[in-house]
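Heads up, the thing below is written out as C-alpha cells.
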Ligand SMILES: Cc1cc2nc3c(=O)[nH]c(=O)nc-3n(C[C@H](O)[C@H](O)[C@H](O)COP(=O)(O)OP(=O)(O)OC[C@H]3O[C@@H](n4cnc5c(N)ncnc54)[C@H](O)[C@@H]3O)c2cc1C
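Residue numbers (this note's numbering): -16 to 337.
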C-alpha cells in the first residue's frame, strides 16, 4: 500500500490533520488503537477565551477562537453532525475575593468577561451566595460525537487501521518511510501521551499532566451553559448528562481514576447543586502538556520524513484545528509554522537523539 502520509493517532489532533489532508486531496492512512482513556476521549471539549483564576486571555485567542468555531462547523457539516455549540460560561464566584477580581477584570478589558444581569436565574439549580458573571464567546466541542463520526468516515473510506502502531517496525529512509507493507512519504505522530516514549521526540520538554472527570446525570439542569464554581460542569450531547471536572496534577503514580478525586468532586457538587444527581462514570487521562505551554508542530530537524502534531496540553480543542492546518500548509506548500509552536525551536535537543 502506498500513501502520501501515515498519521499515528486519531484524537482531536489526528482528526484535524487527516481532515485537512483530505481537503487537499492527499492520500493517507490513520493508525489508532482506540485507547478509551486518551485525552480527547476524556476531555470536556470546552473552548474558553480566558484561563486561570486571574482570567488571563488565552494565547492567540483573537485568531484561534474564530478559527476553531469555523473549522468545527465545517467538519460537522461534512459529517452531518453538530460538532460545536456556542455556550457561555456562567462563573459562580466561590467567595467575595473572586467576585472582586472578576469585576476588576471587566474594568480592565471586557472583551470576554461580562456581568450577568439575571443574577437570580440559576437559583432553582445552584447555591451561589456571591453571585455570578459570564464568559463569552465560549464554545463546547462535541468530542463524543465528532471523534466516532470522523473515525467511521475514515473506516468507510479505507483510510483507518484500528490497531496499535509498533514503532519497532518503522523504517525511516532518505525519501520516505515504510511500516510493514505501507510506504509513505512521511509519518506524522499525533499520538498524544504516546509520544512521551517515541524515540524521535521523547527529548522534547513534555510535562504530562493528569486530569479526572465524572459523568453525572442531572435531570432538569438546563444545558445552554457551561457552569463553573471550583469545578466545571459541561453539558454532554443527549439526555441530562454532564461532565464534571477537573484537576491538574503534575505528580502522579499512574493514569487511573482515584477515589480521592471522586470524593472531592462529589463534595463540591453536593455543596453547589440543588438538584439530585447520579454518577454514571469516572474517567482519568494524561494531558500531553509541555513545559512552556506551547504545542509541538512540524518536522523533525534531522528526519524530514517524521513529523509531530502534539503538546496540545489543556487546550487541544482550540489549538488542534489551527495547528493541523498550519502543518498541512507547511507539508504541502512549505508555509511557515508559528515560531512559538514550530518544533524546530528544539533542533539542538532533537539533534542529540539520532
Ligand atoms: C480531564 C481532562 C479534561 C480536558 N478538558 C479539555 C477541554 O475542556 N478543552 C480542551 O481544549 N482540552 C481539554 N483537555 C485537553 C485535551 O484533551 C488535549 O489537549 C487533547 O485531547 C489532545 O489531543 P491529541 O489528539 O493531541 O492527543 P490524544 O487525545 O491523546 O490522542 C492520541 C491518539 O493516539 C492514539 N495512540 C496513542 N499511541 C498509539 C499507538 N502506539 N498506536 C495507535 N494509536 C495510538 C490514542 O488511542 C489516541 O486516540 C482535557 C484533558 C483532560 C485529561
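We treat Cβ as the ideally placed atom computed from N, Cα and C, and that holds for glycine.
Enclosing beta strand (DSSP E) for residue i [first to last residue]
i	result
residue 16	No beta strand (DSSP E) contains residue 16, which DSSP labels as neither H nor E.
residue 306	Looking at the DSSP string, residue 306 is not in any beta strand (DSSP E); the run it does join, the alpha helix (DSSP H), is 299 to 316.
residue 195	192 to 200
residue 226	224 to 228
residue 293	289 to 293
residue 261	261 to 270
residue 332	No beta strand (DSSP E) contains residue 332, which is instead part of the alpha helix (DSSP H) from 330 to 334.
residue 158	Taken as a continuous stretch (DSSP letters only), residue 158 belongs to no beta strand (DSSP E), as it is neither H nor E.
residue 111	Segment: none, residue 111 is in no beta strand (DSSP E) and carries neither H nor E.
residue 217	214 to 218
Extent of the continuous alpha helix (DSSP H) to which residue i belongs
i	result
residue 59	44 to 62
residue 167	Not the alpha helix (DSSP H): residue 167 falls in the beta strand (DSSP E), residues 165 to 172.
residue 181	No alpha helix (DSSP H) contains residue 181, which DSSP labels as neither H nor E.
residue 243	242 to 255
residue 3	-5 to 6
residue 25	22 to 25
residue 127	126 to 139
residue 87	79 to 91
Given residue i as reference, the closest of the options once Cα atoms are compared
i	options	result
residue 204	255, 12, 269	255
residue 261	223, 275, 216, 200	200
residue -1	70, 173, 29	173
residue 74	291, 33, 188, 46	33
residue 182	295, 92, 290	290
residue 233	198, 257, 272	272
residue 303	11, 61, 53, 145	53
residue 121	50, 130, 135, 59	50
residue 170	20, 324, 153, 176	153
residue 129	60, 157, 87	60
residue 287	176, -6, 330, 16	330
residue 11	127, 3, 322	3
residue 323	274, 334, 84	274
residue 141	1, 157, 211, 328	1
residue 15	137, 308, 47	137
residue 397	94, 223, 158, 299	The displayed coordinates of the chain run from -16 to 337. Any statement about residue 397 would go beyond what the structure contains.
residue 123	112, 102, 48	48
residue -10	146, 301, 235	146
residue 18	241, 177, 216	177
residue 117	41, -15, 71, -6	71
residue 216	93, 7, 27, 21	27
residue 223	236, 263, 214	263
residue 92	102, 68, 119	119
residue 8	21, -12, -6, 23	-12
residue 36	214, 125, 240	214
residue 202	308, 259, 151	259
residue 127	151, 88, 198	198
Inter-residue spacing [alpha-carbon to alpha-carbon] between residue i and residue j
i	j	result
residue 100	residue 225	25 Å
residue 63	residue 55	12 Å
residue 207	residue 218	8 Å
residue 167	residue 149	16 Å
residue 39	residue 5	36 Å
residue 179	residue 105	43 Å
residue 57	residue 253	39 Å
residue 332	residue 220	43 Å
residue 250	residue 155	52 Å
residue 320	residue 43	14 Å
residue 81	residue 108	21 Å
residue 139	residue 133	10 Å
residue 114	residue 238	36 Å
residue -4	residue 46	18 Å
residue 66	residue 210	20 Å
residue 292	residue 186	15 Å
residue 318	residue 111	50 Å
residue 84	residue 95	14 Å
residue 326	residue -14	24 Å
residue 23	residue 301	12 Å
residue 79	residue 236	36 Å
residue 21	residue 175	8 Å
residue 158	residue -7	25 Å
residue 328	residue 90	37 Å
residue 98	residue 86	8 Å
residue 68	residue 184	35 Å
residue 189	residue 103	44 Å
Nearest-angstrom Cβ-Cβ length linking residue i and residue j, presumed shorter than 8 Å
i	j	result
residue 270	residue 297	6 Å
residue 295	residue 25	With 8 Å as the limit, residue 295 and residue 25 do not qualify as a contact, their Cβ atoms being about 13 Å apart.
residue 77	residue 257	With 8 Å as the limit, residue 77 and residue 257 do not qualify as a contact, their Cβ atoms being about 16 Å apart.
residue 41	residue 143	Contact flag wrong, Cβ pair sits at about 32 Å.
Neighbour flag for residue i against chain B, beta carbons, 8 Å
i	result
residue 109	No chain B appears in this structure, which consists of one protein chain only.
Would you check if the region 277 to 284 and the region 306 to 317 touch, i.e. whether three or more CB-CB distances between them fall below 8 Å? yes
Count the CB pairs spanning the region 191 to 201 and the region 228 to 246 that are closer than 8 Å, and state whether there are at least three. yes
Are the region 240 to 249 and the region 157 to 171 touching, with three or more C-beta to C-beta distances below 8 Å? no
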